[in-house]
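Visitor: Right, I'll just put the structure down here and ask away after.
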Amino acid sequence: LLYADYDVPCLELAKNLLGYQLCRRLDTGEVVKGIIVETECYLGGDDKGSHSFNGKKTERNAAMFMSPGTAYVYSTFGMYFCFNISSKGEGAAVLLRALEPSFGLETMKKIREQNHRGKKSVAKKKKLLTELDLCSGPSKLCISFAIDKSLNKEDMVNSQKLWVERPVLDLSSDGRNQAIVACARIGIDSAGREWASKPLRFYLNGNPYVSRRDKEAE
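All the letters of the sequence shown, read from the start, carry residue numbers 632 to 849 under the working numbering.
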């Protein structure tokens, strides 16, 4: 994608990215790809669920204030990562929550196996390596795509390591709107009822790779 594709309001980018393909070139030269099927919008400013609420800028979230199309990778629970892309707007970014693996599945499985070796039981490990579970959550997709803090602040417009390609799913504007479910974000109850309930999570209706369906919103 070009800079102009990212230089749009956060809400617009969060919806636009659905159906696009995230691509990652690993240190080995191998490439893995996945169709973006679920996103969350973090607006900054008044958004109490955002790391940049009230314009708060720290070393950790600096990427949210950088040029649209900048990767923002942060650690969670001390051992996992979440991956966002900055948009137009002060401190605004889109969290990628789920992907539909489309290329390099065996490579993804190998990465997941290496990551969990010695940490989980064999039964649990086998479950983690099913195709449906490879990228069906923000931390899962980071593991499968080997996305970590080394990619924080990566310029995705020019990067050879991490970029987004044009839509794989050809949706007209009307068809696209019908295919997108808008619902509340996940895991931000501490932001208070108003912001925790705003429909700022988006996913492709009926896609089995979505991390969690919202049947009421559907």
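Even for Gly, the Cβ is constructed at its ideal location relative to N, Cα and C.
Values in this document were obtained by computation on a predicted structure and should not be read as measured data.
Assuming contact is defined by CB atoms lying nearer than 9 Å, are Phe-833 and Glu-731 in contact in what I supplied?
Guide: No. Outside cutoff.
Visitor: Could you tell me how far apart the beta carbons of Leu-648 and Val-725 are, in whole angstroms, since I believe they sit closer than 8 Å?
Guide: 6 Å
Visitor: Considering only DSSP beta bridges, list what Val-725 is partnered with.
Guide: Cys-672, Ile-716
Visitor: Take the Cβ of Asn-789 as the centre, count every other Cβ of all protein chains shown within 10 Å, and call the residue buried at 16 or more, exposed below.
Guide: exposed
Visitor: Leaving out five residues before and five after Lys-829 in sequence, what residues of the same chain have Cβ atoms less than 6 Å from its Cβ?
Guide: Within the same chain, Lys-829 has no close Cβ partners at all.
Visitor: Using three-state DSSP, classify Phe-696 as helix, strand or coil.
Guide: In the three-state scheme derived from DSSP, where H, G and I count as helix and E and B as strand, Phe-696 is classed as helix.
Visitor: Measure how close the beta-carbons of Tyr-705 and Phe-712 come, nearest whole angstrom, since I'm counting them as under 8 Å.
Guide: 7 Å
Visitor: Kindly list the residues whose CB is nearer than 6 Å to the CB of Ser-752, restricted to its own chain and excluding five residues on each side of it in sequence; keep chain order.
Guide: With a pLDDT of 44 at Ser-752, under the threshold of 50, the modelled position of that residue is not reliable, and no figure is offered here.
Visitor: Indicate whether Gly-848 and Val-812 have their beta-carbon atoms separated by less than 9 Å.
Guide: What sits at residue 848 in the sequence shown is Ala, not Gly. Here Ala-848 is near Val-812, since their CB atoms are less than 9 Å apart.
Visitor: Compare the Cα-Cα distances from Thr-701 to each of Ile-716, Glu-690, Gly-665 and report the closest residue.
Guide: Ile-716
Visitor: Short of 6 Å in beta carbon distance, which residues of its chain neighbour Val-639, apart from the five on each side in sequence? Order them along the chain.
Guide: Lys-719
Visitor: Buried or exposed for Tyr-634, going by 16 or more other Cβ atoms inside 10 Å?
Guide: exposed
Visitor: Hey, Phe-696 and Gly-722: beta-carbon distance below 9 Å or not?
Guide: Yes, the Cβ-Cβ distance between Phe-696 and Gly-722 is below 9 Å.
Visitor: Using a Cβ-Cβ cutoff of less than 7 Å, which residues in the same chain neighbour Gln-791 once the five nearest sequence positions on both sides are dropped?
Guide: The answer, listed in chain order, is Arg-656.
Visitor: Between which residues of its own chain and Lys-756 is the CB-CB distance below 6 Å, once the five residues before and five after are set aside?
Guide: Reliability fails at Lys-756, whose pLDDT of 49 lies under 50, so the model's placement of it is uncertain and no value is given.
Visitor: Using a Cβ-Cβ cut-off of 7 Å (strictly less than) and excluding sequence neighbours within five positions of Met-739, which residues of its own chain qualify?
Guide: Val-663, Pro-732, Leu-765, Ser-775
Visitor: How about Leu-835 and Leu-642: do their beta carbons lie closer than 9 Å?
Guide: no
Visitor: Ala-848 lies in the alpha helix (DSSP H); which residues open and close that run?
Guide: Element bounds for Ala-848: n/a, residue is neither H nor E.
Visitor: Is it right to say Gly-709 is buried, meaning 16 or more other beta carbons lie within 10 angstroms of its own, or is it exposed?
Guide: exposed
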